[in-house]
Structures are given as C-alpha cells and as structure tokens.
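S.K.:
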Amino acid sequence: MPRVGLVSSTVTAAAADVADEIGLSQLSMSLVAERLGVKAPSLYKHVNGLADLTHRIAALGAVELGDALRDAMQGLAGRDALAAAAQTVRTYVKEHPGRYAATTGASPTGTDDPLAVALDRTLESFAAVLRAYRLDPGEQIHAMRMLRSILHGFATLESSNGFQLDADIDDSFTWMITFVDRGLTAAGAP
Numbered sequence: 001m002p003r004v005g006l007v008s009s010t011v012t013a014a015a016a017d018v019a020d021e022i023g024l025s026q027l028s029m030s031l032v033a034e035r036l037g038v039k040a041p042s043l044y045k046h047v048n049g050l051a052d053l054t055h056r057i058a059a060l061g062a063v064e065l066g067d068a069l070r071d072a073m074q075g076l077a078g079r080d081a082l083a084a085a086a087q088t089v090r091t092y093v094k095e096h097p098g099r100y101a102a103t104t105g106a107s108p109t110g111t112d113d114p115l116a117v118a119l120d121r122t123l124e125s126f127a128a129v130l131r132a133y134r135l136d137p138g139e140q141i142h143a144m145r146m147l148r149s150i151l152h153g154f155a156t157l158e159s160s161n162g163f164q165l166d167a168d169i170d171d172s173f174t175w176m177i178t179f180v181d182r183g184l185t186a187a188g189a190p
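Under the UniProt record's numbering, read the sequence shown as residues 1 to 190, first letter to last.
1. Within the present structure, is the beta-carbon of Gly-138 separated from the nearest heavy atom of the ligand ZN by less than 7 Å?
2. Please give the ranges of any alpha helix (DSSP H) in the segment 5-38, keeping only runs that are unbroken, at least 4 residues long and fully inside the region.
3. Counting only the same chain and skipping the five closest in sequence on each side, list residues whose C-beta sits under 8 Å from that of Met-176.
4. Please report the distance separating the alpha-carbon of Met-29 from that of Ala-51.
5. Output the distance between the C-alpha atoms of Leu-27 and Leu-76, rounded to the nearest integer angstrom.
6. What would DSSP say about Pro-2, mapped onto helix, strand or coil?
7. Starting from Arg-131 and walking both ways along the alpha helix (DSSP H), at which residues does that stretch end?
8. Going by beta-carbon coordinates alone, are Leu-6 and Leu-36 separated by less than 8 Å?
9. Rounded to a whole number of angstroms, what is the C-alpha to C-alpha distance between Val-18 and Met-144?
10. Curious, which full-length alpha helix (DSSP H) runs of at least 4 residues does the segment 74-103 contain?
11. The alpha helix (DSSP H) spanning Ala-189 covers which residue range?
12. Among residues of its own chain, excluding the 5 on either side of Ala-81, which ones have a beta-carbon nearer than 6 Å to its beta-carbon?
13. Taking all protein chains shown into account, do 16 or more other C-beta atoms lie within 10 angstroms of the C-beta of Ala-189, making it buried, or fewer, making it exposed?
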C-alpha cells in the first residue's frame, strides 16, 4: 500500500530538488527515496523508474519555465520582451539546473503528454518575442532556433562556470541582447 501523502507529484518535486542540488546525471531512485524517507521500491508505486521520473521532471521544468516566461513578458514587445525572456531563461537555469537539464532533449510521448503542452507554451513565448520583429514567416523557425540556442548556450555556460575571462558576465549578457535585437530588427526590415 502506498505511503499516505506520497503521490507521483510529490515524488517528482523531491526528485527535481535533488537533481537541482547534485545534477541530473547523479539522480537515482535511492537518493529520491532517502529524501522522502521511504525505501526505494516504494517509489515504484508512483513512478515507473528513473526514466519516467526524469520525464516527469522535464515536464515540471517546462511548465515552470513556460509560466515564468509568460509572466515576465506580459505586456512587453520587441527588445523589452527579448530581454525579459533572456533574463528569465538565465535565472531559471541558475536556480533549477537539474530541472532545466531534464528538459533539454526531452521528447513528449504523445500530444496529451504534459511535457508536450508545456513545451508548446514555452515555444509560444519565444514566438511572441519574435512577432515584433516582423520576420518573414519562412524565417520564424530559424529565428526561434537561433534564439533558443543563444539563450540556452549563455545560461548553461554561465551556470557551469564556463565563462573564465575577467569581463563582467552581466555586461556580456546585455551586449548579447543588444546584438540579437539588432540582428532581428535588421532581418525584419523591409
């Protein structure tokens, strides 16, 4: 019989916290069980193993990031929306590196998978950033991939201490936003 109060969402939240603390690659069912004060086999009443748990963490991370993007960009357009989205991704990756790592490369199992819904919302936020730049519809997907790649790259490099030069990282971040804004503005110009 499952432990009272222990449900799949509780297991997922605990696992996400552990992944944020020690890294997704170090996550194990035994560490999650220890965090929850149960034996590892009891977790299998709530999740179908580590792969399922990682998928659930990816869905949680995508929902959280999507909500944060929506809230940060509310009422903004153009450079302001770009800067808000970029800062949101940067902050989320710093605060939740394990959850974010789970979202990278995660594939939905179907259209009703919570991960699919959450990823669509996140992509819609990036599409909203790009609307103000009036890009040719054929260039939208390329611009979205570029934007996601740049934000992912900067945030993950920063969170893993990948910037070793003495230059201020915040200055580099601001420079990057200005550079991307100029490029998108030029690409959308008539």
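Virtual Cβ for every residue (Gly too), placed ideally from N, Cα, C.
Since the model is a prediction, treat every value here as computed from it, not as a measurement.
M.R.: From the atom records:
1. The model depicted lacks the ligand ZN and carries no ligand whatsoever.
2. Within the segment 5-38, the complete alpha helix (DSSP H) runs of at least 4 residues are 8-22, 29-36.
3. Counting only residues of its own chain and dropping the five nearest sequence neighbours on each side, Met-176 has a CB closer than 8 Å to the CB of Ala-86, Ile-150, Phe-154.
4. Distance between the alpha carbons of Met-29 and Ala-51 is about 10 Å.
5. C-alpha separation (whole angstroms): 38 Å.
6. For Pro-2, the predicted model reports a pLDDT of 46, less than 50, meaning its position is unreliable and no value from the coordinates is stated.
7. Its alpha helix (DSSP H) spans residues 114-131.
8. With a cutoff of 8 Å on beta-carbon distance, Leu-6 and Leu-36 are scored as near each other.
9. Per the coordinates, the alpha-carbon of Val-18 lies some 31 Å from the alpha-carbon of Met-144.
10. Fully enclosed alpha helix (DSSP H) runs of 4 or longer: 78-95, 97-103.
11. Ala-189 -> no alpha helix (DSSP H), and no H or E assigned at all.
12. When the five nearest sequence neighbours on each side are left out, the beta carbons in the same chain lying within less than 6 Å of the beta carbon of Ala-81 are those of Met-73, Val-129, in order along the chain.
13. So Ala-189 ends up on the exposed side.
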